[in-house]
Amino acid sequence: MKLSVILPAKDEEGLLSTVLKDITSYLDVARLTYEVVVVENGSSDNTLEIAKACARKNFRIKVECLLEPAYGKALIRGIKKARGRYIVIFNVDFWDKKFIDLINADLLGYDLVTGSKLLSSSKDNRSLNRKLITFFFNLFLKIFFGFKGTDTHGIKAFRRNILLPIINRCRTETGIFDSELVIRSQRAGLDILELPVEIIERRSPRFSNRIFQTPADLIKLYAALKR
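Numbering follows the working numbering, in which position 85 of the sequence shown is assigned residue number 377; successive positions increment by one, without gaps.
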């Protein structure tokens, strides 16, 4: 199998069915052998039931389930279950077809390709508050962790065999996993490319639910990267 798309999903009953239809329709046009791995984690709505219903209609959709909400742990589960030579990570509220197109171009020769909201050519239609949070969070990573890029969170595409050893070293399981993965990849000397993205909010933002967790996550990231 050439491509596995990993789609973590928590409380996404309003978007999941449509997004799965859109992604699989584009993948069919792209003529790739693929699977979409939905990793439901800790939903309090009908996300899991919707994912299973979609999987019954399309054998290329696989469903994994975690009892607790844990974004990073969901990604790790999906990646380890994936069978594709290439992995693309999307979020239910945000995916970009050009990262699928990159698979047929062998990721342009890079090991890891990430989508950055902070590149000058990106179009970030989020609120000013969310833009500032993203800016200062990544500035913090630059100052205290030596991060050399512009953005760690969001879409990613990579060769599974190259990133899997790095993923096996990751110790964080929450939303900070994105940052640990990218920083570890940089420190390992991987060839990384950032591409611009266009962000349109398709549902209410959830950062307010995580803002009090962020300091603890940064402490966990520091401890993880010291190992």
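Using N, Cα and C, we set each Cβ at its ideal position, and we do this for glycine too.
Using 8 Å for Cβ pairs, my map puts residue i next to residue j. What's the rounded Cβ distance?
i: E327; j: R352; result: 5 Å
i: K302; j: T339; result: 7 Å
i: T444; j: D509; result: Going by Cβ atoms, the distance from T444 to D509 rounds to 12 Å, so no, they are not a contact pair.
i: L517; j: I458; result: With 8 Å as the limit, L517 and I458 do not qualify as a contact, their Cβ atoms being about 12 Å apart.
i: F469; j: G364; result: 3 Å
i: V331; j: E356; result: 5 Å
i: S471; j: L411; result: Actually they do not touch by this definition, with Cβ atoms about 17 Å apart.
i: D388; j: I447; result: 6 Å
For residue i, collect the residues of the same chain with a Cβ closer than 8 Å to its Cβ; drop the 5 residues on either side in sequence, then sort them by chain order.
i: I491; result: F386, K409, S414, K415, D416, N417 and R418
i: R463; result: E472, K512, A515, A516 and R519
i: L324; result: K294, L295, I392, I395 and N396
What residues are listed by DSSP as bridge partners for residue i?
i: A301; result: E332
i: P488; result: S408
i: S296; result: E327 and I379
i: D416; result: I491
Within its chain, find whatever has a CB closer than 6 Å to the CB of residue i; leave out the 5 residues flanking it on each side and keep chain order.
i: G441; result: E486
i: E360; result: G334
Within the same chain, show all residues whose beta-carbon is closer than 7 Å to that of residue i, passing over the 5 residues directly before and after it, in chain order.
i: S309; result: I342 and C346
i: N350; result: T316
Enumerated in chain order, which unbroken segments of the beta strand (DSSP E) with a length of 3 residues or greater are wholly contained in the region 356-387? 378-381
Could you tell me whether the region 422-439 touches the region 449-458, using the rule of 3 or more Cβ pairs below 8 Å? no
Mind listing, in chain order, the continuous beta strand (DSSP E) runs of no fewer than 3 residues lying wholly within the region 309-365? Runs of the beta strand (DSSP E) inside the region 309-365: 326-333 and 353-358.
May I ask you to verify whether the region 308-324 touches the region 398-406, counting CB pairs closer than 8 Å and requiring at least 3? no
Enumerate, from N- to C-terminal direction, the unbroken alpha helix (DSSP H) stretches of 4 or more residues contained entirely within the region 424-460. none
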